[in-house]
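Participant:
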Amino acid sequence: MAATTITDPSTSSAERVTATAKAAFIALLARDLTVLRKEFRMFLARTVMQPLLLMFVFTYVFPKIGQGVGGGAGASRFSTLLVGGVIASTMIFQGIQAVALPLVQDFGFTREIEDRVLAPLPVGAIALEKVVAGAVQALVAGLLVFPMGLFIPATKIDLHINYPLLIAVMVLGAFMSASLGLFVGTRVEPRQVPLIFGLLVIPMTFLGAVYYPWQSLEPLRWLQIVVLANPLVYLSEGMRAALTTGVPHMASAVVLVVLAAAGALLMRVGVAGFRKRVLS
Amino acid sequence: MATMTNHGDDAVIRTQQLRKVYAGAPGFGPPGARSGGPPGARPPGSINGPGNRAANGAVGGAPDKPRDAAVDSLDLEVGRGEIFGLLGPNGAGKSTTIGMLTTRIVPTSGTAMVAGIDVIAEPAATKQHIGVVTQTNTLDRALTVRENLVFHGRYFGMTNKQARVEADRLLEVFRLGDKRDVGVQTLSGGLAQRLMVARSIMHRPSVLFLDEPTAGLDPQTRLSLWELIRELNADGQTVLLTTHYMEEADELCGRLAIMDHGRILALDTPDGLKRSVDADTVVTITAAGDAGGLATALAGGDGVVKAEATTRGVEVHMRAAPGIVPRLMTSAADAGFEVTDVSVAEPSLETVFIQLTGKDLRD
């Protein structure tokens, strides 16, 4: 056994290396999806609860007890705009849960990542694979919220779906969410994990145009400008642009460009951080 | 050097002037956290006797250079089919060396070729040809024992079917068959280590790197792992391992490099290294009182090459002549020392190490 494979350096062409790297990339992805399938119940539990409760309390309980946000016809409008926001925040949250938290654990104590780093592909590609696997999870999480939007609200939900835009926003949003996860995961120490939620997830969600259209911040001009730094704003706005008519939202082109740019930037910084953590 | 083989084109590992300085290691202060040598220490070969075999002529070289490199001027050549060992204390630079050869640590300067591939220029290509067992348990905790092997095979380009067949074969060879479907968290340290080794050879690497493979294992498990490594080697597997256990180096390795402070101090077969010691008998004497004084009292004796105080007593290097131990006892008694313990041994790798560095491997 263990017959040694002898490599003639002259044949170690970039092509062969690329083929090997591609196979390794797909295998790493297969591994992550296998784990996702094995732990799907856990995935559901961690994914569904927050949007479920948000939808339940805001769009079912409140109208029923006469506290409906917006009141009367406004309640229906609120439920409609909330669907997009909840999907967006669920995706961002998933990006952090699926990519950042496992990475923090890996770097902090399990060191499993040291093995994955030895797979025959460039280190940057290993980080990219983490993003792809995370984006798939963010996408699945976002899709899980749709039925909630259809069945939970007590008031009428008025969705007019622009499918091409919806697909573009969700795919770019998932990619951006997972890149954010990579960025956070390579920069946070295990003991700082609670801070991810306290200082990042919660402010992002509350100030992410989840519960209100960005345009409605007009009276608070300073806040309206400050929250533009929050990528979730664009994802929420983009979801509303794709799902509703009549609710004000940012121009779709702006949304798509910013999501792509933010995703690319976070990815780039995340990959650099990843390299720094695994190579010395 | 009789046993220094020139591997020519058959070398699976070849490094030249390989050097690593960790970022943040101050130029003149203590070296980086992992290199851990005393600042400004002289190259340890400086107390050398005739047995100090410089592997590369670099020992003691560049004395004006601050001792800030975790690994310095490393010239290494490992031939196909060898079990080659890096022996040295913690912080000697062994793990840094393995880290550089396995692409995880980027060298500061120098060159490294593994399986004919330039490790620094083509890390991704290199990884296809190496198997690595690191010091920490890096098994995939989300997967079962068998899945760990199957997915590893797939990372390295096997089809799912090939990987399953090979995984099942290795589970038998490594006697892990009854654990195939359990999660890896439930494995004992010894079994986890065995699985790590099995995984590392799944893709038939040209070189298997084992970083302190038996550290923390009980003696029984250690023996069985040694057997496993020997069997792999008998089948042609080239192995480079690090260890700070002398017995392990002695038992397993065909050739050894003794390292300290990032440099190779000597390189030879275990027997060759032991022969390089200036004596054929090492007597260790424990006595109450000033060990230094006792060493001085014994130093001039008949057949005594050298006597020095160590942490375990006074170590006397001798060229054996009949009745030599009783004579030593008499000398000690004459000097007013009450001897409490005496041991007589042939030179070991420990002796070699002490002779090269002036300190105990366990210090």
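Just so you know, the sequences run in chain order A and E. Just so we're aligned, residue 10 is where the first sequence starts under the working numbering, counting upward by one. Just so we're aligned, residue 13 is where the second sequence starts under the working numbering, counting upward by one. Yeah, the Cβ is synthetic: ideal placement off N, Cα and C, and Gly gets one too.
Is the CB of E:Q232 under 8 Å away from at least one CB in chain A?
Facilitator: E:Q232 does not count as touching chain A.
Participant: From E:N245 to E:D346, what distance separates their C-alpha atoms?
Facilitator: C-alpha separation (whole angstroms): 53 Å.
Participant: DSSP puts E:K173 in a beta bridge; with which residues?
Facilitator: None, per the DSSP bridge assignment.
Participant: Mark E:D80 as exposed unless 16 or more other C-beta atoms lie within 10 angstroms of its C-beta, in which case mark it buried.
Facilitator: Burial call: buried.
Participant: Which residues in the same chain have their Cβ closer than 7 Å to the Cβ of A:T68, if we skip the five residues on either side of it in sequence?
Facilitator: Answer for A:T68: S88, L91, I161, P162, A163, T164, listed in chain order.
Participant: Given 8 Å as the limit, is there contact between the stretch 133 to 140 of chain E and the stretch 178 to 189 of chain E, that is, 3 or more CB pairs closer than that?
Facilitator: The stretch 133 to 140 of chain E is not in contact with the stretch 178 to 189 of chain E.
Participant: Using beta carbons (cut-off 8 Å, strictly below), is E:Q140 in contact with chain A?
Facilitator: Chain A, which has a Cβ nearer than 8 Å to the Cβ of E:Q140, makes this yes.
Participant: Any beta carbon of chain E sitting closer than 8 Å to that of A:P199?
Facilitator: Cβ-Cβ to chain E under 8 Å: no for A:P199.
Participant: Mind pulling the chain A residues with CB within less than 8 Å of E:F365?
Facilitator: Going along chain A, no residue has its Cβ under 8 Å from E:F365, so there is no contact; the nearest lies around 27 Å.
Participant: Tell me whether A:R196 sits in a helix, a strand or coil according to DSSP, three-state version.
Facilitator: Three-state result, A:R196: coil.
Participant: Report the residues of the stretch 40 to 58 of chain A with a CB closer than 8 Å to any CB of chain E, ordered along the chain.
Facilitator: Answer set for the stretch 40 to 58 of chain A: R40, T43, V44, K47, E48.
Participant: Check distances from the C-beta atoms of the stretch 116 to 147 of chain E to those of chain A and list, in chain order, the residues that come in under 8 Å.
Facilitator: So the list reads R116, I117, V118, A127, G128, I129, D130, E134, P135, A136, A137, K139, Q140, H141, I142, V144, T146, given in the order they occur along the chain.
Participant: Between E:G248 and the rest of its own chain, which residues show a CB-CB distance below 7 Å, the 5 nearest in sequence each way excluded?
Facilitator: Once the five neighbours on either side are set aside, the close Cβ partners of E:G248 are G93.
Participant: Kindly indicate which three-state DSSP category E:F221 falls into: helix, strand or coil?
Facilitator: E:F221: strand per DSSP, three-state reduction.
Participant: Cβ of E:S355 within 8 Å of Cβ of E:K286?
Facilitator: Result no, Cβ atoms of E:S355 and E:K286 do not sit closer than 8 Å.
Participant: Work out the CA separation of A:L53 and A:L159 for me, nearest whole Å.
Facilitator: So the alpha carbons of these two residues sit roughly 18 Å apart.
Participant: Which partner residues does E:S121 have in the DSSP bridge list?
Facilitator: BP columns for E:S121 point to E:R31.
Participant: Measuring only the C-alpha atoms, how far is A:V280 from A:E198?
Facilitator: A:V280 and A:E198: Cα-Cα distance of roughly 17 Å.
Participant: Along the stretch 128 to 140 of chain A, what residues have a CB closer than 7 Å to any CB found in chain E?
Facilitator: Correct list: A128, P129, L130, P131.
Participant: Mind checking A:I211: buried by the 16 CB within 10 Å criterion, or exposed?
Facilitator: A:I211 comes out exposed.
Participant: Would you say E:A23 reaches chain A, if we count a Cβ-Cβ gap shorter than 8 Å as a contact?
Facilitator: Not one chain A Cβ lies under 8 Å of E:A23.
Participant: For E:Q367, count neighbouring C-beta atoms within 10 Å of its own C-beta (all shown protein chains included) and say buried if the count is 16 or more, exposed if not.
Facilitator: Buried: at least 16 other Cβ atoms inside 10 Å.
Participant: Buried or exposed: which applies to A:I135, given that a residue is buried once 16 or more other Cβ atoms fall within 10 Å of its Cβ?
Facilitator: By the 10 Å Cβ count, A:I135 comes out buried.
Participant: Start and end of the beta strand (DSSP E) containing A:A218?
Facilitator: Counting along the chain, A:A218 falls outside any beta strand (DSSP E), and DSSP gives it neither H nor E.
Participant: So is E:D193 in contact with chain A if we call contact Cβ pairs under 8 Å?
Facilitator: E:D193 does not count as touching chain A.
Participant: Would you say E:Q29 and E:S121 are within 8 Å of each other, going by their C-beta atoms?
Facilitator: Yes. Within cutoff.
Participant: Hey, is E:Q28's beta-carbon within less than 8 Å of any beta-carbon in chain A?
Facilitator: With 8 Å as the cut-off, E:Q28 does not count as an interface residue toward chain A.
Participant: Is the stretch 277 to 285 of chain E in contact with the stretch 312 to 332 of chain E, if contact means three or more CB pairs nearer than 8 Å?
Facilitator: No, the stretch 277 to 285 of chain E is not in contact with the stretch 312 to 332 of chain E.
Participant: Is it buried or exposed, A:E121, if we count other Cβ atoms within 10 angstroms and call 16 or more buried?
Facilitator: Buried: at least 16 other Cβ atoms inside 10 Å.
Participant: Run the CB neighbour count on E:H256, radius 10 Å, all protein chains shown included, and call it buried at 16 or more, exposed below.
Facilitator: It is buried - the Cβ of E:H256 has at least 16 other Cβ atoms within 10 Å.
Participant: Run down chain A in chain order and give the residues with a C-beta less than 9 Å from the C-beta of E:R153.
Facilitator: Under the 9 Å cutoff, chain A gives T119, E121.
Participant: Under the DSSP definition of a beta bridge, which residues are partnered with E:V126?
Facilitator: In the DSSP output, where bridge partners are listed per residue, E:V126 has E:I25, E:I129.
Participant: Within 10 angstroms of the Cβ of A:G182, are there 16 or more other Cβ atoms? Answer buried if so, exposed if not.
Facilitator: Under this definition A:G182 is a buried residue.
Participant: Using 8 Å for Cβ pairs, my map puts E:H151 next to E:V196. What's the rounded Cβ distance?
Facilitator: Rather than His, the amino acid found at residue 151 of chain E in this sequence is Leu. The pair is a contact, with the Cβ atoms about 4 Å apart (cut-off 8 Å).
Participant: What are the complete alpha helix (DSSP H) segments, minimum 4 residues, inside the stretch 172 to 252 of chain E?
Facilitator: Correct list: 172 to 185, 201 to 213, 231 to 246.
Participant: In whole angstroms, what separates the C-alpha of A:A97 from that of E:A124?
Facilitator: Approximately 49 Å, taken between the alpha carbons.
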